[in-house]
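Some notes on the structure that comes next.
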Amino acid sequence: MKILALFHTQDDGSLPKAALEVLTTAMAIKEQTGGTLAVGILGQGAANAAETVAGCGAESFLTVGSEAVAQARYATDTAAATALIRDSGAELVLAPGTARFARCLPGAAHRTGAQIDTHIVSVKAEGGQVQAQRWFYRQRILGTFSRAARPWIMLADAGVNMPWHGASGAASPKEVAVGFSDADLRTSVTGVRSPAADAQTIKPDAALLFVAGAGWTKKQKDGQFHIAEAGVLIQDFLIKAKSSLGSSKSLVDLQSEGQETLNFMTHMNQVGQTGSTPRHAKGLSACCHGEEPHAVGWRFINERRAINLDPNCGWAQGKADVVYVGDAFEIMAKVNALLS
Amino acid sequence: MTDGFQIVVCGSLVPDPLQTLEPLTTPQGPGLKNELMLPSVLDPWSAHALFEAANLAKQIAGSKVYLVSLGPKAKLQQLMMTVAQKVPFELVAIDGSASGFTDAHEAAAVLAEAVAAIPGLDKNRLLVFGGCASASRDAGVTMQLLCERLAIRDFFAGVDEIKVKPDSSFEVLERIEGGQYQVSVCKGAPAVLAWATGNLPEPPNNPQVGMVNMRGVMPALMKAKPSKVGTGGIAYEKTEVPAQKRATRIVKDVGADQIAAEIVEWIKQ
């Protein structure tokens, strides 16, 4: 079986960690099938990036490093990925499920007549048959499946495999020619908008995820709102615990409905049905009563604890390892003091 | 400025997120227990796309919104009783499976055929909207496959904002890793945008909008074309709900000091 591990570079020319995780999988599939492995890389500095994974044992390295793919743009990325897949003659294409590839590889699948599946959490080959696993219905049902059609493109979720570590060296990559048309350049990427450094609350590599619910914005036991105080407590905790911040849908919805709420919280923080399903070692939720943050948003959180006023909260029971019954304002203030 | 956009929103129904889902095997492949009885909602990300489409249409004179929806006709009819009250649109219904186990390639083919068949479609004014993924299949590939089938070159994923400029070009914010946005400028329609949540709240029900929409909804449902969207080339080995119940330890009647100390110790482990 011909396997292509397909990657893109980052702005600094390096490969993302998710790519190295996929390389681990690709090498395992090569071993299991007795197939051949090619590494394809697109983006700025692709040839240099190939050198960094030269020790992976791939038979060939293919790159598209032209100016057109310096930008993460659908049309040019799709054309480049199509060229790499065609040139490799791959039957199985393994790629990281980054935002850039999630955008363009379905288009490349169409152009190469390939089938595509995303959010792959496991792939293995037995008796020549490749089998994959992914979640359906937003992390509620786990499916195991295969496809007979080739090429078959799989985008793997980040964080499910160990990243490859190995020697760099001379990869002698082949630069694949791609004919970009004017129509491919109708869109220009003008930049990246990041939150201010001190307002960066989404940290995918953090060990801990803190999920805040709408309870922070409700009247507290003195009959008053304490939204400003909640904001200070949460932001203080994020800094001291080096935690990433998640939110329930109801909390971010309050903001879009024009109600006063936590001004640093956006839909980007939302976990659950219409939010993300991040992977962190630990998760702590407070004032959160919905099913979605606990069942869907926490699917890939290993250790889960919750602070809740209601010991019988049905959505935390059975989904969290520990539920602390108490006032989140009081507890988090003391947590912050201890972390100082 | 453009004469207005033709905004085609692709969105279908999914089981209400609060429902417990149990997979089972049917002759057509995997399905859900009591699937036809489960209450449905408009797929959440598609719903955001629809609200953003209506908002854009309101800002740009001459624009019109279409909703192309693939699902079992009877369930689409139920769904429209609520969705039709939200924003003005013309429905294009396709009678077929909305199961999360169907193949995105087949769904995209059916949707592309329905979009291309919209009378008076002008590709130079066409914006195709949809969710960045569905809450059922959750693949995030259907809109790109549709984009290719419609021979459109510009696609944006995880969109939270579109700003149309006086020369009809537009700026798009796409979600990327780490809570950041990629900012792009596209020369203009046609383009396909797969939306994340956008920035708009769910519009309140408007019975007047509902009455106007329903005049078109019923005929659209009557002439909904049957389509055989299935599992395509996917051979399912197993679908299961893994055991996820945890033995939750409840800590109550304990002071905040003690709880805080335990949490901090756990964080530091």
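Chains as they are written, first to last, in my numbering: chain L, 168 to 507; chain R, 994 to 1262. Backbone N, C-alpha and C fix where the C-beta goes; we use that ideal spot for every residue, glycine too. None of these values were measured; they are calculated from a predicted model.
Does the beta-carbon distance from R/Glu1164 to R/Gln1175 come in below 8 Å? no
Could you check which residue in R/Cys1003, R/Gly1248, R/His1098 and R/Ala1126 has the C-alpha nearest to that of R/Ala1086? R/Cys1003
What does the alpha-carbon distance come out to for the pair L/Arg111 and L/Val327? With chain L represented from 168 up to 507, any question about residue 111 of chain L goes unanswered, as that position is not in the structure.
Compare the beta carbon distance of L/Pro263 and L/Ala323 with 8 Å and say whether it is the shorter of the two. yes
Examine chain R for any beta-carbon lying closer than 8 Å to the beta-carbon of L/Ile252, and answer yes or no. no
With 16 other CB atoms within 10 Å as the buried threshold, where does L/Ile252 fall? buried
Residue range of the alpha helix (DSSP H) that includes L/Val189: Lys184 to Thr200
Residue of R/Thr1241, R/Phe1148, R/Pro1235 and R/Glu1255 minimising C-alpha distance to R/Leu1119: R/Phe1148
Residues of the region 1175-1187 of chain R in Cβ contact with chain L at a cutoff of 7 Å, in chain order, please. Gln1175, Val1176, Ser1177, Val1178, Cys1179 and Lys1180
Between which two residues does the beta strand (DSSP E) containing R/Pro1023 stretch? Gly1022 to Leu1025
If the cut is a Cβ gap below 9 Å, which residues of chain L does R/Ser1129 touch? Phe303, Tyr304 and Arg305
Which partner residues of L/Ala205 appear in the DSSP bridge assignment? L/Leu171 and L/Ser227
Integer Cβ distance of R/Glu1195 from R/Phe1044, believed to fall under 8 Å: 7 Å
Below 8 Å between beta carbons: does that hold for L/Ala247 and L/Leu190? no
Opposite R/Arg1168 in the DSSP bridges: which residues? R/Tyr1174
Measure the beta-carbon distance from L/Ala225 to R/Ala1150 and round it to whole angstroms, keeping in mind my assumption that it falls under 8 Å. Not confirmed; about 29 Å, so no contact.
Mind checking whether R/Leu1025 and R/Leu1014 have CB atoms under 8 Å apart? yes
Whole beta strand (DSSP E) elements within the region 405-434 of chain L, 3-residue minimum: 411-414
Answer with buried or exposed for R/Lys1079, where buried requires no fewer than 16 other C-beta atoms within 10 angstroms of its C-beta. buried
Length-filtered (3 minimum) beta strand (DSSP E) runs lying within the region 1040-1124 of chain R: 1057-1064, 1083-1088 and 1119-1124
Does L/Leu505 have its Cβ less than 8 Å from a Cβ in chain R? yes
Contact between the region 1125-1143 of chain R and the region 1097-1110 of chain R (3+ Cβ pairs under 8 Å): yes
Enumerate in chain order the residues of its own chain whose CB-to-CB distance from L/Gly256 is below 7 Å, with the five nearest sequence positions on each side excluded. Lys169
How is the alpha helix (DSSP H) around L/Ser255 delimited, first residue to last? Tyr241 to Ser255
Is there a Cβ from chain R that is less than 8 Å from the Cβ of L/Lys169? no
Given a cut-off of 8 Å on the beta-carbon distance, is the pair L/Ala337 and L/Ala213 in contact? no
Can you tell me whether L/Glu427 is buried or exposed? The criterion is at least 16 other CB atoms within 10 Å of its CB, across all chains shown. exposed
Listed from N- to C-terminal order along the chain, which residues in the region 193-219 of chain L have their beta-carbon within a distance smaller than 9 Å of any beta-carbon of chain R? none
Could you tell me whether the region 436-454 of chain L touches the region 466-475 of chain L, using the rule of 3 or more Cβ pairs below 8 Å? yes
Are the region 1213-1220 of chain R and the region 1062-1071 of chain R in contact at 8 Å, needing three or more beta carbon pairs? yes
Determine the DSSP secondary structure at L/His456, reduced to helix, strand or coil. coil
Pick helix, strand or coil for L/Arg278, following the three-state DSSP scheme. helix
If contacts are defined as beta-carbon pairs under 8 Å, then L/His150 and L/Arg317 qualify, I think. What distance do you get, rounded to the angstrom? As displayed, chain L neither begins before 168 nor continues past 507, which places residue 150 of chain L out of reach and without an answer.
Using beta carbons (cut-off 8 Å, strictly below), is L/Met432 in contact with chain R? no
Under 7 Å (Cβ pairs) to chain R, residues found in the region 340-362 of chain L: Ala350, Asp351, Arg353, Thr354, Ser355, Val356, Thr357, Gly358, Val359, Arg360, Ser361 and Pro362
Cβ separation of L/Leu309 and R/Pro1235, assumed to be a contact under 8 Å, to the nearest whole Å: 6 Å
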